[in-house]
DNA sequence: ACGTTAGTTCTATAATTTTGGAACAATAAA
DNA sequence: TTTATTGTTCCAAAATTATAGAACTAACGT
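Chains as they are written, first to last, in our numbering: chain A, 2 to 101; chain B, 2 to 101.
What follows is the structure, encoded as structure tokens:
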């Protein structure tokens, strides 16, 4: 389930992005323009259920769109929606240096 | 204790701002250009210790500067430092509509 | 010196999040 | 149809965070 554009919450978006793993994932999805979970190499670092959890947080906060494509999920950033709701926010975060 | 400019962490900053109370506080400090804790009317809503906790999170993430002024603390946003580390981020958040 | 103001720290509890194992779908491919 | 592949969901444990009462500290005014 994906939240509607008009129901995005800034605290929720910020919380989703405040996790280093999720922040990294978002940057990578953005860089590659849409990836599956495994293609993101998450499963080398953590079990599937944990990765799935992080993707769920990103989806439920409205940051990513997940669409089933055969056996995988294609993840894309909801850039337009985020830009519409919070202008400049995503760009600032995507362009920020890796501080962690 | 305030973190140095070169040691600000994006996930940490995002986490600090992902709490609705703290987000509101930051906006109010920015709007008024520097306020004490009580002037922020936090204590009407919550006990002192809780407010103090939130201010500590904001301070330790590098978002606010707290300087003792007699018996109070003057809280200001570390705008220059944040702009320097994460260009556009704070503006995007400060200008974002109140979604909560 | 005394009380007041403003806020911190200590401590504990409640709430939320993260992590991960195991069982479970759904699709694809042999 | 069997077997992988890709991921989800369920569950419980671990870790983090939020909340708040109570005692404490420091500065100011009287």
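All C-beta atoms, glycine included, are put in the ideal place defined by N, C-alpha and C.
Only a predicted model underlies this, so the values are computations on that prediction, with no experimental measurement involved.
#### Entry: residue 7(A) - partner residues in DSSP beta bridges
Here residue 7(A) corresponds to residue number 6 of the first chain, with the count starting at 1. Beta-bridge pairing links residue 7(A) to no other residue.
### Task
Specify, as a first and last residue, the run of the alpha helix (DSSP H) that residue 42(A) falls within.
Position 41 of the first chain holds residue 42(A). Careful: residue 42(A) lies outside any alpha helix (DSSP H) and carries neither H nor E.
### Task
Could you tell me which chain A residues have their CB closer than 7 angstroms to the CB of residue 20(B), listed as they occur along the chain?
The residue given as residue 20(B) occupies position 19 in the second chain. Chain A residues near residue 20(B): 12.
### Task
Go to residue 68(B), then tell me how far its beta strand (DSSP E) extends in each direction, as first and last residue.
In the second chain, residue 68(B) corresponds to position 67, counting from 1. That run of the beta strand (DSSP E) goes 65 to 70.
#### Entry: Spatial distance of residue 57(B) from residue 44(B) (CA atoms)
In the second chain, counting from the first residue as 1, residue 57(B) sits at position 56. In the second chain, counting from the first residue as 1, residue 44(B) sits at position 43. Each residue's alpha carbon lies about 15 angstroms from the other.
### Below-8 angstroms beta-carbon distance, residue 94(B) vs any chain A residue
Here residue 94(B) refers to the residue found at position 93 when the second chain is read from its first residue. True, the Cβ-Cβ gap to chain A drops below 8 angstroms.
### Message
Let's test the definition: count the other Cβ atoms within 10 Å of the Cβ of residue 55(B) and tell me whether it reaches 16, buried, or not, exposed.
### Response
Taking the second chain and counting its residues from 1, the one referred to as residue 55(B) is at position 54. Buried: at least 16 other Cβ atoms inside 10 Å.
### the segment 33 to 62 of chain A: positions lying closer than 7 angstroms to chain B by Cβ
When CB distances to chain B are screened at a threshold of 7 angstroms, not a single residue of the segment 33 to 62 of chain A falls below it.
### Task
Closer than 7 angstroms by beta-carbon distance: list the chain B residues that pair up with residue 89(A), in chain order.
Locating residue 89(A) in the first chain gives position 88, where the first residue counts as 1. The contacting residues are 89, 92, 93.
### Task
Work out the CA separation of residue 60(A) and residue 16(B) for me, nearest whole Å.
The residue labelled residue 16(B) in the question sits at position 15 within the second chain. The residue labelled residue 60(A) in the question sits at position 59 within the first chain. Each residue's alpha carbon lies about 18 angstroms from the other.
### Message
Is there a Cβ of chain A sitting closer than 8 angstroms to that of residue 72(B), yes or no?
### Response
On the second chain, position 71 is the one that residue 72(B) refers to. Not an interface residue.
### Query
From residue 52(A) to residue 14(B), what distance separates their C-alpha atoms?
Translated into the one-based positions of the first chain, residue 52(A) becomes position 51. Translated into the one-based positions of the second chain, residue 14(B) becomes position 13. The straight-line gap from Cα to Cα measures roughly 23 angstroms.
### Candidates 11(A), 40(A), 100(A), of which the one nearest residue 77(A) by Cα
The residue labelled residue 77(A) in the question sits at position 76 within the first chain. Of 11(A), 40(A), 100(A), the residue nearest in Cα terms is 40(A).
### Query
Along the chain, where does the beta strand (DSSP E) that runs through residue 77(B) open and close?
The residue labelled residue 77(B) in the question sits at position 76 within the second chain. Looking at the DSSP string, the run of the beta strand (DSSP E) that includes residue 77(B) is 73 to 78.
### Task
Within 10 angstroms of the Cβ of residue 84(A), are there 16 or more other Cβ atoms? Answer buried if so, exposed if not.
The residue labelled residue 84(A) in the question sits at position 83 within the first chain. Looking at its Cβ environment, which holds fewer than 16 other Cβ atoms inside 10 Å, residue 84(A) is exposed.
### Message
Can you find the residues in the same chain that come closer than 6 angstroms, C-beta to C-beta, to residue 20(A), ignoring five residues on each side of it along the sequence?
### Response
The residue you call residue 20(A) lines up with position 19 of the first chain. Hits under 6 angstroms: none found.
#### Entry: 7 angstroms CB neighbourhood of residue 80(B) in its chain, flanking five on each side removed
Reading the second chain from its first residue, position 79 is the one you call residue 80(B). So the list reads 91, once near-sequence residues are dropped.
### Query
Does residue 16(A) have its Cβ less than 8 angstroms from a Cβ in chain B?
The residue given as residue 16(A) occupies position 15 in the first chain. Yes, residue 16(A) counts as interfacial toward chain B.
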